[in-house]
Amino acid sequence: MYTYLENASISSKDVRGFKGVKKNILIEDEYIKEVCDKDISLPEGCKVIDCEGFMVLPGVIDTHVHFRQPGAEYKADMLSESLAALAGGVTSVFDMPNNSPAIVTKDLLQEKYTLCKDNMHCNYSLYFGLTNNNIDEAINLNKGSVAGLKLFLGSSTGNMLVDRKESITYLFQHSPFIITAHCEDEQIIQANTQKYRCISPIPYNVHSLIRTEQACFESSKFAIDLAKRHNTQFHLAHLTTGKEISLLSCDKLENKHITSEVSPNHLFFCDEDYKTLGNLIKCNPAIKTTEDRKLLRQALKEGYVDMVATDHAPHLLSEKQKEYFSAPSGIPSIQFSLLMMLEIAEQEQWDLSLIVEKMMENPALRFNIKKRGFIKEGYFADLVFVKLGEKKIVKKEDILSKCKFSPLENHCFNNSVYMTMLNGDIVYKDGKVENQIKAKRLEL
246 MYTYLENASI SSKDVRGFKG VKKNILIEDE YIKEVCDKDI SLPEGCKVID
296 CEGFMVLPGV IDTHVHFRQP GAEYKADMLS ESLAALAGGV TSVFDMPNNS
346 PAIVTKDLLQ EKYTLCKDNM HCNYSLYFGL TNNNIDEAIN LNKGSVAGLK
396 LFLGSSTGNM LVDRKESITY LFQHSPFIIT AHCEDEQIIQ ANTQKYRCIS
446 PIPYNVHSLI RTEQACFESS KFAIDLAKRH NTQFHLAHLT TGKEISLLSC
496 DKLENKHITS EVSPNHLFFC DEDYKTLGNL IKCNPAIKTT EDRKLLRQAL
546 KEGYVDMVAT DHAPHLLSEK QKEYFSAPSG IPSIQFSLLM MLEIAEQEQW
596 DLSLIVEKMM ENPALRFNIK KRGFIKEGYF ADLVFVKLGE KKIVKKEDIL
646 SKCKFSPLEN HCFNNSVYMT MLNGDIVYKD GKVENQIKAK RLEL
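Take the sequence shown: its position 326, counting from 1, is numbered 571 in the numbering used here, and each next residue is one higher.
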């Protein structure tokens, strides 16, 4: 089967702002066969799509999601969340291991891959979860079997805290995989929690007062110092503070063994938003100050932060509406992450190529994802078609995540995702899931 994308505007580092360069793209089955700026001789029966008016981008690669299956399917599952991903232009994801049961053995990992094969509608790989007692099993997994190893240095959903320094040191000395860490100092968090349990009324921004800059910095410094000492392949998840940027390098990605990500939520919201959104934006690590948001945006632009990943984490609205200490942490965001980043790029006057670099190219390069993340001949045809300048209001009825809520409800974006192509097939178009094909396990 052939598909021809005519007059496609694609991003280029040579073009400033949100303009692209015109290309014609021929797709054969799953792969991009040809990309050129002249007419292509078309095979018989080729489907032609006129892309005039669209910006055609590589599919977003989100390396940090929580689809909740197995164990919490009442709030989200692989089917619902992967369809939400496609509606947002996300074609590939790495799912995290803090499930129930937690994915901390080879057998549980294989069982989860079987679930993925039967239920995922975007491409996928999985993280393996670390505990104080399974380090040897983790570091002896087959190469390419996982996206990486997930280390919780601060407690979060799933209760997979690793707090024995000897286990952590052994891991950093011997891991052949990228270690992705949730970095928050547990002792600081617990001390602050006890302090604010005794205060009434609870401050509107209490979450950022408990999970503080200090809690993040001390834990991140500990992990990064360890990674430097042992030359470990290390990735800092969901960076939230300006202070932590001092721990990172702005060197080229290919020269780094220590990298980092930031979520759209920490670039979009700030602690002032707790006044109106409360627990709806409660997540771990916490959303911090306007100054932190400013510095995180700057660090992304300057290369200290290497990629954007959502930490998509659905909960039921009824759970989020509980009082602060009972409400779970996590924000559903995968359906709107690209639109959030495009809005931030407009505010900051970034070139579109920066969004492509941080959401598509760098995730593929850092995690060695084969033949994805770029619009290149021989690569999979994972593509998102964006209508720049077409407003999109977030309505409850349009939310595909099973939790059916978003802190962005009623927000008006300046751009919209019109269509998503996965492995050469159109899977989402004009507000509707078109074709629920089975996705592929990512080659790493």
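Backbone N, C-alpha and C fix where the C-beta goes; we use that ideal spot for every residue, glycine too. All values reported here derive from a predicted model rather than from experimental measurement.
Under 7 Å, do residue i and residue j count as touching if we go by C-beta distance?
i: K520; j: S453; result: no
i: M605; j: I272; result: no
i: A392; j: S370; result: yes
i: S256; j: S598; result: yes
i: T438; j: I424; result: no
i: Y663; j: I277; result: no
i: G333; j: D627; result: no
i: H560; j: S578; result: no
i: L331; j: T665; result: yes
i: N252; j: E297; result: yes
i: Y234; j: M341; result: Within the shown structure, residues of the chain are numbered from 246 to 689, placing residue 234 beyond reach of any answer.
i: F692; j: V280; result: Outside the shown range of the chain (246 to 689) lies residue 692, about which nothing can therefore be said.
i: L360; j: V678; result: no
i: L525; j: K565; result: yes
i: P448; j: T485; result: no
i: L633; j: F263; result: yes
i: N691; j: D643; result: Because residue 691 is not part of the residues shown, which for the chain are 246 to 689, the question remains open.
i: N377; j: R409; result: yes
i: T308; j: A554; result: yes
i: N344; j: G316; result: yes
i: N510; j: I600; result: no
i: L522; j: P652; result: yes
i: E499; j: C461; result: no
i: K685; j: N368; result: yes
Starting from residue i, follow its DSSP beta bridges and name the residues at the other end.
i: K292; result: T248
i: F625; result: Y276
i: P303; result: L628
i: K283; result: None; K283 has no bridge partner.
i: R686; result: Y369
i: K258; result: In DSSP, K258 forms no bridge with anything.
i: Y673; result: T665 and V678
i: D340; result: V310 and L371
i: G393; result: Y372
i: S571; result: DSSP output for S571 lists no bridge partner at all.
i: V407; result: Per DSSP, none; premise fails for V407.
i: T504; result: H480
i: K268; result: A253
i: I638; result: C657
Looking only at C-alpha atoms, which of the options sits nearest to residue i?
i: Q432; options: E463, G669, A609 and H502; result: E463
i: S254; options: S563, E382, D295 and F514; result: D295
i: L406; options: F417, Y415, H427 and G389; result: H427
i: Y638; options: K632, K647 and E654; result: First, the residue type needs correcting, since residue 638 is Ile and not Tyr in the sequence shown. For I638, the nearest C-alpha among the options comes from E654.
i: E635; options: D516, N660, G548 and R409; result: N660
i: V266; options: E289, F299, G669 and P288; result: F299
i: V451; options: K497, K527 and R474; result: K527
i: K388; options: L396, T376 and K351; result: K351
i: G487; options: D284, L540, D430 and Y673; result: L540
i: K292; options: K283, T308 and D274; result: D274
i: G669; options: K683, H656, G676 and E642; result: K683
i: E536; options: G548, K647, E517 and D408; result: E517
i: D596; options: V260, T248, M246 and Y247; result: V260
i: E429; options: L287, F397, P446 and N377; result: F397
i: I434; options: Q459, M585 and L584; result: Q459
i: H419; options: Y673, R474 and S337; result: R474
i: F312; options: G676, H656 and S646; result: S646
i: Q210; options: Q355, Y673, I285 and K283; result: With the chain covering only 246 through 689, there is no way to say anything about residue 210.
i: L394; options: Y358, T414 and V349; result: V349
i: Y247; options: G548, G676 and I671; result: I671
Throw me the rounded Cβ distance for the residue i and residue j pair, which I believe falls under 8 Å.
i: L689; j: F612; result: 6 Å
i: S582; j: V335; result: 7 Å
i: F658; j: E588; result: 6 Å
i: I614; j: L512; result: The pair is not a contact, with the Cβ atoms about 23 Å apart (cut-off 8 Å).
i: C416; j: L375; result: One detail in the question is off: residue 416 reads as Leu in this sequence, not Cys. Contact flag correct, Cβ pair sits at about 7 Å.
i: A468; j: E506; result: That pair is no contact at about 14 Å.
Mind checking whether the beta-carbon of residue i lies closer than 6 Å to any heavy atom of the ligand COA?
i: A347; result: No copy of the ligand COA appears in this structure; indeed no ligand is present at all.
Does the beta carbon of residue i sit closer than 7 Å to a beta carbon anywhere in chain D?
i: K440; result: The chain inventory of the structure shown lacks chain D, comprising one protein chain alone.
Exercise. Does the segment 310-324 come close enough to the segment 361-375 to have 3 or more Cβ pairs within less than 8 Å?
Worked result: In short, these stretches touch, since the Cβ pair count reaches three.
Exercise. Per the contact definition of three or more C-beta pairs closer than 8 Å, is the segment 442-460 in contact with the segment 565-578?
Worked result: yes
Exercise. Touch check for the segment 536-544 and the segment 483-498: three-plus C-beta pairs under 8 Å?
Worked result: Below 8 Å, enough C-beta pairs join the segment 536-544 and the segment 483-498 to call them touching: three or more.
Exercise. For the segment 471-483 against the segment 414-423, are there 3 or more C-beta pairs whose distance is under 8 Å?
Worked result: yes
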